[in-house]
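*Asks:* My questions all concern the structure below.
Numbering (this note's numbering), first residue to last: 5 to 315.
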C-alpha cells in the first residue's frame with residue numbers, strides 16, 4: 005500500500021480544462037508532477053512556463069520514449085497517473101508505471117459522449133446534465149469507470165460555459181476519487197467494453213450548417229450554443245451569404261404558414277424572427293466577416309426584411 009495521501013502525476017494536454025484539477029492537487033499536496041505532450045504548441049509552452057514559475061516539476065512525453073517519463077515518475081515517487089486530454093492507446097509501460105495505474109479524467113461519460121469534442125455534442129444533443137468521469141485504463145479494449153460527478157447544462161449555456169462547469173466538476177470528481185477510492189485501496193471492478201463508447205467526430209462544415217427545411221427550432225438553438233464560440237456557432241445561409249448564428253431563442257409567434265427559413269418579422273420589438281418546422285425562432289446574435297451583431301443591428305445594417313429566406 006502506498007503513502008496516504010498518495011501522489012499523482014497529472015498528464016495535461018488541455019491546460020485550460022486541467023487547471024481546477026491542478027490547483028486541487030497542489031493545494032492538497034498531492035501533485036507529484038506534470039507531464040505534457042511533446043508538440044511545440046503556444047498554449048502548452050505558456051503553461052510549461054507557468055509551471056516553472058510555480059516550481060512545479062514537469063516532463064514531456066514523446067512517443068517511443070515513454071521510459072524517460074517512467075524514470076521521472078519514479079523520481080517523483082508517483083503513485084498514480086491521471087490524464088486529461090490525452091488520446092489514443094495508452095502504452096503498457098505507462099499503465100504499469102505506478103502502483104494504482106493510469107486513469108483518464110474525462111469531462112463527459114464516455115459511454116454516451118466520447119471522441120474529439122464530446123462537450124459540443126452533449127450540448128448539441130440538448131442534454132440537461134453531464135458527468136465528469138474517471139476511467140481506469142487497463143488494456144486496449146477494457147476500462148472501468150471508478151468515479152463520476154454530475155454537472156448541470158442550463159438552456160443558455162454555451163460551449164465555454166459548459167467547459168468551465170465540466171472542468172470544475174472534474175476536479176470534484178478527482179477529489180472524491182482520491183479520498184474514497186484510491187486512499188481506501190479499492191477500485192471499481194465494473195469493466196465496460198470500449199465498444200460501448202459513443203464516439204462522435206469533430207464537426208465538419210456540413211455538420212455545422214443549419215437546414216431550416218428539415219430541422220426543428222430547438223435543434224437550431226442547441227447547434228448555435230454548442231458551437232459558441234469554439235466553432236462560431238452554426239452556419240445559416242441568407243441568399244449566397246453564409247452567416248454564423250451564435251444564439252437563438254424559441255418564441256411563440258405566428259408564422260402565417262410560410263415555409264421554414266422565411267423571415268416573418270424583422271426589426272422592432274420582435275427582432276429577427278424566422279419560421280421553422282415547428283413554430284418560430286428568434287435569431288439573437290449573428291456574425292459575419294464585418295463583426296458580431298445583435299439582431300436589431302444586423303437588420304438595420306444589412307437591410308434585412310420580412311419575406312427573405314434562409315436556406
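Where is the CB? At the ideal position from N, CA and C, for every residue including glycine.
I need the straight-line Cα distance from residue 202 to residue 304, nearest angstrom please.
*Replies:* For residue 202 and residue 304, the distance between alpha carbons rounds to 44 Å.
*Asks:* For residue 27, I'd like the list of residues in its chain whose CB is within less than 8 Å of its CB, leaving aside the five on either flank, ordered along the chain.
*Replies:* 175
*Asks:* Please look up how many angstroms separate the CB atoms of residue 111 and residue 122, rounded, as I've assumed it's under 8 Å.
*Replies:* 7 Å
*Asks:* When the distance is taken between beta carbons, is residue 157 closer than 9 Å to residue 126?
*Replies:* Between residue 126 and residue 157, the CB-CB gap stays under 9 Å.
*Asks:* What does DSSP give as the partner residue(s) for residue 295 in the beta ladder?
*Replies:* DSSP lists 292 as the bridge partner or partners of residue 295.
*Asks:* Which two residues bound the contiguous beta strand (DSSP E) that contains residue 71?
*Replies:* Premise fails: residue 71 lies in the alpha helix (DSSP H), 70 to 80, not in any beta strand (DSSP E).
*Asks:* Tell me which same chain residues have a C-beta within less than 6 Å of the C-beta of residue 64, skipping the five on either side of it?
*Replies:* If we look at residue 64 and ignore the five residues flanking it on each side, its Cβ neighbours are 40 and 42.
*Asks:* May I have the straight-line CA-CA distance separating residue 76 from residue 47, to the nearest angstrom?
*Replies:* Distance between the alpha carbons of residue 76 and residue 47: 23 Å.
*Asks:* Taking the beta carbon of residue 193 as the centre, do at least 16 other beta carbons fall within 10 Å, making it buried, or is it exposed?
*Replies:* Because the pLDDT of residue 193 is 49, which lies under 50, any placement of that residue in the model is unreliable, and the question is left without a value.
*Asks:* According to the neighbour-count rule (16 or more other Cβ atoms, all chains shown, within 10 Å of its Cβ), is residue 81 buried or exposed?
*Replies:* exposed
*Asks:* Please list, in chain order, all residues of the same chain as residue 299 whose beta carbon is under 8 Å from its beta carbon, the five residues on each side excluded.
*Replies:* Counting only residues of its own chain and dropping the five nearest sequence neighbours on each side, residue 299 has a CB closer than 8 Å to the CB of 275, 276, 286, 287, 288, 289 and 290.
*Asks:* Using a Cβ-Cβ cut-off of 8 Å (strictly less than) and excluding sequence neighbours within five positions of residue 9, which residues of its own chain qualify?
*Replies:* Non-local beta-carbon contacts of residue 9 in its own chain, meaning distances under 8 Å to residues more than five positions away in sequence, involve 32, 33, 34, 182 and 187 in chain order.
*Asks:* Could you check whether residue 284 and residue 221 sit closer than 9 Å to each other, using their CB atoms as the reference points?
*Replies:* yes
*Asks:* Would you tell me roughly how many angstroms separate the C-alpha atoms of residue 293 and residue 301, rounded to the nearest one?
*Replies:* Roughly 15 Å separates the two Cα atoms.
*Asks:* How far does the beta strand (DSSP E) with residue 91 in it reach, from first residue to last?
*Replies:* Element bounds for residue 91: n/a, residue is neither H nor E.
*Asks:* Going by DSSP in three states, residue 193 sits in which element: helix, strand or coil?
*Replies:* With a pLDDT of 49 at residue 193, under the threshold of 50, the predicted position of this residue should be treated as unreliable, and no value is reported.
*Asks:* Measuring straight from C-alpha to C-alpha, what distance separates residue 253 and residue 246?
*Replies:* 20 Å
*Asks:* CB residue 240 to CB residue 213, shorter than 9 Å?
*Replies:* Result yes, Cβ atoms of residue 240 and residue 213 sit closer than 9 Å.
*Asks:* Please work out which residues of its chain come closer than 6 Å, Cβ to Cβ, to residue 107, disregarding the five sequence neighbours upstream and downstream, and give them in chain order.
*Replies:* Excluding sequence neighbours, residue 107 sits near 86, 138 and 140.
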